[in-house]
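Following: one structure in structure tokens, then a few remarks.
Numbering (UniProt numbering), first residue to last: 1 to 343.
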């Protein structure tokens, strides 16, 4: 239970990044994660979370249990006021040995006014410890990263859960979201995922992927098998041209049974010009089937979601890896922690 390695997850090389409520409120999450990526650290498994009261208590357990801290009786209330039922963004950071120290140096001093230029808090912070103390609250300093391997392990379990496996039945309430190359190129991924989340769907495990040819082929197997229905286009060539080597963003959507039909209705008709107002493809689309046919290519329609539970199972294996037990593997993700029965 106390080791740094869990089911192949080496927390010497993995850290948890917590973008705090003030970072979310100020719209700085993308910029913060971008600064971490620019430092040569791989960022994956981004997830928005409404913090339950217990979660920040565990993250800040050392502060809460510090017998030398003054005004300890006020600290739980400060933490609850800052975090409970507030939206945070968490992500995983992967790098070499020493990643925790590297991240702590990158984010900068606890007090943004004392953080040096070039650090996240120094460049983006707008609060100070003096003001926070005067207002009797926690300082707003945007971001936290794991201090060391044991804290990374603890925080991973705190935000990603104790390791519930994705079971067969989960595919009835889960769908894969594929934000296509045109959505990535047009900078619409956040807008698309936000529209899906606004429909009451939990969007998790977002990952950026460079498409390998086989992934496009498996994902669109029906187009390839029924290619004779498209005599006007070379479907294999169209798929390779549209996807191979291109960037896409994938994520998992969790909801209730019937989620697949709901999402398909939300994204709209595959031809954006025929999609109804209020759907993603109609509101954000800028292509048409007519133009695609004239140019002998696939239509650019931004996003795909799994058609049904069977398609979800296949899409999940295609984009997140064949083993359901391991959602994502290094360097694009981390296996889920084992359940108590596995320990």
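In this text, a Cβ means the ideal position worked out from N, Cα and C, and glycines have one as well. Keep in mind that this is a model prediction, so the values were computed, not measured.
By alpha-carbon distance to residue 52, the top candidate from 26, 87, 63 and 27 is 87. As summarised for the UniProt domain "Nucleoside diphosphate kinase-like" (172-327), the continuous beta strand (DSSP E) elements at least 3 residues long and confined to that stretch are 174-179, 202-210, 247-254 and 303-305, given in chain order. Sequence-distant partners of residue 35 (beyond 5 residues in either direction) whose C-beta falls short of 6 Å from its own C-beta, in its chain, are 120. When Cβ pairs closer than 8 Å are counted between the two stretches, the segment 134-147 is seen to touch the segment 19-28, the count reaching three or more.
Taking a C-beta distance under 7 Å as the contact criterion, residue 153 and residue 91 do not qualify as a contact pair.
A direct Cα-to-Cα measurement between residue 80 and residue 18 gives close to 16 Å.
Under DSSP, the beta-bridge partners assigned to residue 94 are 14 and 42. The DSSP-derived three-state label of residue 116 is coil. According to the DSSP secondary-structure assignment, residue 48 is paired through a beta bridge with 89. Counting along the chain, the unbroken beta strand (DSSP E) around residue 144 starts and ends at 143-145.
By the CB criterion at 7 Å, residue 176 and residue 312 fall inside the cutoff. A direct Cα-to-Cα measurement between residue 273 and residue 283 gives close to 10 Å.
Judged by beta-carbon spacing, residue 216 lies beyond the 7 Å limit of residue 188, meaning their Cβ atoms are not closer than that value. Rounded to the nearest angstrom, the gap between the Cα atoms of residue 293 and residue 12 is 51 Å.
Membership of residue 74 in any alpha helix (DSSP H) is not indicated, and neither H nor E is assigned to it by DSSP. Note that the C-beta distance between residue 108 and residue 101 is not below 7 Å. Scanning its chain for C-beta atoms nearer than 6 Å, with the 5 sequence neighbours on each side dropped, one finds around residue 39 the residues 106, in chain order.
Within its own chain, the residues whose Cβ lies closer than 7 Å to the Cβ of residue 304, once the five positions on either side in sequence are excluded, are 178 and 180, listed in chain order. 299 is the residue among 295, 281 and 299 whose C-alpha sits nearest the C-alpha of residue 289.
With contacts defined by Cβ atoms closer than 7 Å, residue 113 and residue 128 form a contacting pair. Residues 266 of the same chain have their beta carbon placed closer than 6 Å to that of residue 199, with the five preceding and five following residues left out of the count. Taking C-beta atoms as the reference points, residue 83 and residue 56 count as a pair closer than 7 Å.
For residue 202, the closest alpha carbon among the candidates 31, 48, 32 and 22 is that of 48.
The beta carbon of residue 184 lies closer than 7 Å to those of 247, 248 and 249 in the same chain, with the five residues before and after it left out.
Counting the other CB atoms within 10 Å of its CB gives residue 151 a total of 16 or more, which places it among the buried residues.
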